[in-house]
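Quick notes on the structure that follows.
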Amino acid sequence: MNLEKYTVYKKYYLLVLSLFTVICSFAQTDTSQVKVSNLNEVVVTGVSRGTVLRKSPVPIFVLSKRAMDQNANNNLIDAIVKGVPGLSAVTTGPNISKPFIRGLGYNRVLTLYDGLRQEGQQWGDEHGIEIDQYGISRVEVVKGPASLTYGSDAVAGVINMIPERPGFLEGVLKGDFTQDYHTNNGMFASSLGLGYGRVDWKYAFRATSKFAHNYHNKVDGWVYGTGFREYNLSGSARLDKKWGFSKIAANLYDNFQEIPDGSRDSLSRKFTYQVLDDGDDIKHRPLVPENLLKSYSIVPLHQHIQHYRLYNTSQINLGEGSLSVLLGGQQSIRREYNHPTLARQAGLYVVLNTLNFDVKYNLPAIKGWESSVGLSGMYQANRSKDATDFPIPDYNLFDLGGFLFAKKTFGKIDISGGLRFDHRNISWNDFYVGANPVNGFEKRATSGEIAQANLQFPAFDHVYKGLSGSVGLTYNITERLLVKANIARGYRAPNITEIGSNGLDPGAHIVYLGNRNFVPEFNLQEDVGFIAYLRDLDFSFEVFNNHIQNYIYQARLTDKNGDPVVIVPGNLTYQYQQSKARLYGLETTLNIHPEKLKWFSFNNSLSCVTGQTHGEYLPLLSPLHIRSELKFTGLKRKGTIQEPYFKIELDRYADQNRFYALDDTETFTRGYSLLNAGVGAAFKTKKNRKLFDLFIQGDNLFNLAYQSHLNRLKYFEYYGTSPNGRSGIYNIGRNFSFKVLVPI
71 MNLEKYTVYK KYYLLVLSLF TVICSFAQTD TSQVKVSNLN EVVVTGVSRG TVLRKSPVPI
131 FVLSKRAMDQ NANNNLIDAI VKGVPGLSAV TTGPNISKPF IRGLGYNRVL TLYDGLRQEG
191 QQWGDEHGIE IDQYGISRVE VVKGPASLTY GSDAVAGVIN MIPERPGFLE GVLKGDFTQD
251 YHTNNGMFAS SLGLGYGRVD WKYAFRATSK FAHNYHNKVD GWVYGTGFRE YNLSGSARLD
311 KKWGFSKIAA NLYDNFQEIP DGSRDSLSRK FTYQVLDDGD DIKHRPLVPE NLLKSYSIVP
371 LHQHIQHYRL YNTSQINLGE GSLSVLLGGQ QSIRREYNHP TLARQAGLYV VLNTLNFDVK
431 YNLPAIKGWE SSVGLSGMYQ ANRSKDATDF PIPDYNLFDL GGFLFAKKTF GKIDISGGLR
491 FDHRNISWND FYVGANPVNG FEKRATSGEI AQANLQFPAF DHVYKGLSGS VGLTYNITER
551 LLVKANIARG YRAPNITEIG SNGLDPGAHI VYLGNRNFVP EFNLQEDVGF IAYLRDLDFS
611 FEVFNNHIQN YIYQARLTDK NGDPVVIVPG NLTYQYQQSK ARLYGLETTL NIHPEKLKWF
671 SFNNSLSCVT GQTHGEYLPL LSPLHIRSEL KFTGLKRKGT IQEPYFKIEL DRYADQNRFY
731 ALDDTETFTR GYSLLNAGVG AAFKTKKNRK LFDLFIQGDN LFNLAYQSHL NRLKYFEYYG
791 TSPNGRSGIY NIGRNFSFKV LVPI
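Residue numbers for the sequence shown follow the working numbering, so the first one is 71 and each next one is one higher.
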């Protein structure tokens with residue numbers, strides 16, 4: 071370690087030691103009246119049974135619906151990222167965000183809906199999360215390997231999105247109606263939720279629609295190809311009895327999503343659009359007509375994503391133990407239209423069918439030990455339909471894993487840990503591609519056409535195995551001071567694109583090349599955290615160190631002269647690589663809420679992560695991020711207005727000079743600061759019946775022109791220079807949102 075690094079680490083150590091000493095001295099004062107409800111919340115994610123948050127050594131963050139409602143969000147992942155330090159998102163326009171936890175994303179972050187794995191072609195750069203943002207009441211985030219509970223893919227962590235449970239009154243129909251409008255891209259969203267209870271049965275229903283035109287910023291003007299139209303339906307029925315409960319639920323997601331390609335006129339920098347297939351020149355296309363830039367009509371070149379989900383979750387009480395069973399089926403349909411001369415011909419058309427099961431038995435406590443055993447599995451079948459591009463083969467996948475988990479309290483120490491073993495088999499047959507005489511593009515060749523076709527995906531059959539586990543403890547210094555430590559080993563089998571891809575993903579504008587010789591990733595992560603929840607403030611400080619074996623990443627393919635390889639004109643070519651990697655970083659929060667000034671709060675968070683492999687920084691690392699919020703809340707009712715609040719926020723992102731520079735895959739990103747503000751209140755009648763909640767939020771108030779380092783559109787550029795010195799597409803400009811929630 072050089073002298074400069076030693077000096078920096080020494081300063082961090084002294085700062086943390088000083089804060090620890092000061093906070094411990096505060097903790098000796100009488101705080102008997104202080105509420106510690108945050109520490110006593112019960113979480114269900116990353117644990118085998120409901121666990122009080124303070125007893126879990128694994129870093130878990132809980133985000134409420136109220137916190138999400140008070141922000142302006144085009145999608146659910148953006149709402150979560152704003153509320154959880156250490157989370158970031160790779161974006162492709164306003165409606166597509168892929169979550170990252172501590173520098174890792176894609177198939178390393180496991181997303182759950184009500185405990186069920188969300189399976190919807192997560193490998194794609196522009197493939198978002200197919201969940202209704204208005205139907206979620208609570209989000210639980212596990213930061214760190216959670217393979218022990220969930221198996222493959224949870225090496226970075228888990229995001230569990232828990233649907234809303236309406237307030238049920240016997241024989242009374244209750245619900246809410248939400249109306250949301252954003253000024254920048256004209257987003258309109260409407261959501262209706264209903265709940266009804268009768269004896270032991272409870273029923274819930276929600277319908278949501280949202281649509282938007284292109285967004286705007288002061289550098290690019292209206293960014294062509296960023297509109298969307300999305301619909302959601304969900305319903306559930308739950309039976310509660312003395313023996314336990316059982317719930318059956320169904321969801322429908324339907325999204326028409328535009329994806330920009332960044333083509334422009336070289337001088338005016340106005341956006342252009344594709345009108346030809348053969349002979350298309352991305353630098354010589356017609357300008358987009360002005361009337362299309364603010365139109366709500368979806369352009370012919372777009373994606374159509376549908377996701378259907380049906381599942382049952384039950385818990386049966388067996389004496390002092392209990393049995394939990396989760397059974398689910400999903401279908402993900404993805405069509406990507408990229409042929410302007412044949413607008414109804416999909417370039418990519420894949421259907422993924424998934425069956426999941428998860429069985430856990432919570433044993434009766436034995437001498438204070440609470441233990442659980444579980445078995446979970448998944449079957450998948452992916453099939454290409456009538457398409458012209460085939461980036462991945464038709465494959466079958468089968469997962470099976472079992473685990474043992476135990477925890478116990480020894481005085482002030484809570485200890486927990488367990489082991490899991492997973493087995494995955496993935497296979498496919500020879501996949502041939504040949505010419506389609508009808509439209510001139512390619513198609514999947516039938517058995518009688520193999521002689522004139524190309525073997526794009528030779529047959530493959532392989533088994534991946536992995537052992538994962540964790541052990542950790544929480545030391546309760548006092549009721550309000552905690553120290554947590556955890557070490558966990560995660561496991562992830564390579565996904566389908568990493569081992570099988572060999573073709574163009576038209577939506578991402580990337581040709582993917584996989585490697586069938588890859589082996590599973592394993593990571594070992596150490597977490598240490600300190601949490602204080604005092605009378606006038608709460609404070610947390612968490613550090614992590616993550617070593618990954620066989621880390622898989624994308625690298626731009628170049629020839630022997632160092633020039634980019636172009637297989638499909640106008641599209642980049644990436645080949646997957648595998649090596650060792652290390653990530654480390656920290657997150658800290660300081661929230662000031664004086665007991666004598668209950669109307670005032672000052673909330674702050676800081677997060678940073680860095681990672682390297684073979685001397686190069688890892689791709690898609692979020693820069694140092696500091697977020698501060700100053701909030702004033704009215705405690706007394708004023709006429710019909712109750713609980714009014716005003717807040718002002720500052721989001722600061724530092725320069726990102728730790729980027730994956732090899733082959734110009736990534737470039738330096740300048741830092742920026744965004745000023746946001748919000749106001750809201752509940753409106754009630756004289757008899758205290760709520761009329762509605764109103765939330766008004768302004769983001770990027772100074773209309774700053776900026777590019778996020780994790781914005782994929784930053785790299786949508788086809789010219790070496792530009793007249794205004796700007797390259798790529800910039801993020802959204804100033805936006806105001808108006809949200810009304812009306813109880814029914």
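Note that the Cβ used here is the ideal one computed from N, Cα and C, for glycine as well. From a predicted model like this one, the values you see are computed outputs, not experimental measurements.
Give the secondary structure of residue i by DSSP, where H, G and I count as helix, E and B as strand, and everything else as coil.
i      : result
Tyr789 : coil
Arg339 : coil
Gly488 : strand
Pro813 : strand
Glu406 : strand
Asn801 : coil
Glu519 : helix
Val179 : strand
Ile150 : helix
Glu360 : helix
Ser95  : Confidence in Ser95 is poor, its pLDDT being 43 and thus under 50, which makes the residue's placement too unreliable to answer from.
Arg414 : coil
Asp843 : Because the chain is modelled from 71 through 814, residue 843 falls outside the range shown and cannot be assessed.
Thr162 : coil
Gly795 : coil
Cβ atoms of residue j and residue i: under 9 angstroms apart, would you say?
i      : j      : result
Ala413 : Pro370 : yes
Gly518 : Leu186 : no
Asn325 : Tyr294 : no
Tyr646 : Tyr742 : no
Ser306 : Asp202 : no
Leu182 : Ile150 : no
Pro689 : Tyr654 : no
Gln542 : Phe592 : It is worth fixing the name first, because residue 542 is Gly in this sequence and not Gln. Against a cut-off of 9 angstroms, the Cβ pair of Phe592 and Gly542 comes out as no contact.
Gly472 : Val443 : yes
Arg474 : Ile496 : Reading off the sequence shown, one finds Leu at residue 474, where the question assumed Arg. No, these two residues do not count as a Cβ contact at 9 angstroms.
Thr162 : Asp148 : no
Asn770 : Leu745 : yes
Ala775 : Asn287 : yes
Asp608 : Tyr561 : no
When you compare each of the options to residue i by their alpha carbons, which one comes out closest?
i      : options                        : result
Gln415 : Asn423, Glu406, Leu422         : Glu406
Ile206 : Asn165, Ala277, Val636, Leu445 : Ala277
Met257 : Gly173, Val160, Tyr366, Tyr266 : Tyr366
Arg124 : Ile485, Asp733, Thr755         : Ile485
Leu525 : Asn499, Thr458, Glu549         : Asn499
Asp763 : Asp769, Leu771, Phe753, Asn770 : Phe753
Gly834 : Gly640, Asn506, Lys666, Phe460 : Lying before the first or after the last residue shown, residue 834 is absent from the chain, which here runs from 71 to 814.
Thr710 : Arg494, Asn758, Thr567         : Asn758
Asn110 : Thr628, Tyr343, Ile199, Leu552 : Leu552
Please report the distance separating the alpha-carbon of residue i from that of residue j.
i      : j      : result
Arg490 : Val429 : 14 angstroms
Leu239 : Val269 : 10 angstroms
Tyr545 : Leu642 : 51 angstroms
Lys756 : Leu264 : 25 angstroms
Val92  : Lys554 : Annotation note: pLDDT 41 at Val92 (below 50); position unreliable, coordinate value reported separately. Their Cα atoms are separated by approximately 19 angstroms.
Gly227 : Leu357 : 44 angstroms
Tyr789 : Glu328 : 23 angstroms
Pro169 : Thr548 : 35 angstroms
Lys784 : Ser333 : 13 angstroms
Leu218 : Asn585 : 27 angstroms
His663 : Lys701 : 10 angstroms
Tyr378 : Leu322 : 5 angstroms
Ser392 : Ser610 : 34 angstroms
Tyr251 : Val613 : 39 angstroms
Met138 : Tyr204 : 10 angstroms
Ala751 : Lys809 : 11 angstroms
Trp439 : Asp531 : 42 angstroms
Lys520 : Thr628 : Residue identity check: residue 520 is Ile in the sequence provided, not Lys. Distance between the alpha carbons of Ile520 and Thr628 is about 31 angstroms.
Lys213 : Val128 : 7 angstroms
Thr253 : Asn673 : 27 angstroms
Does the structure place the region 419-433 close enough to the region 450-465 that three or more beta carbon pairs sit under 8 angstroms?
Yes: at least three Cβ pairs fall under 8 angstroms.
Evaluate the contact criterion for the region 596-609 versus the region 569-585: three or more CB pairs, one atom per stretch, below 8 angstroms.
They do not touch, by the three-pair rule.
Would you check if the region 714-734 and the region 689-701 touch, i.e. whether three or more CB-CB distances between them fall below 8 angstroms?
At 8 angstroms Cβ cutoff, the stretches touch.
Does the region 309-318 come close enough to the region 795-812 that 3 or more CB-CB pairs lie under 8 angstroms?
Contact between the region 795-812 and the region 309-318 is not established, with fewer than three Cβ pairs separated by less than 8 angstroms.
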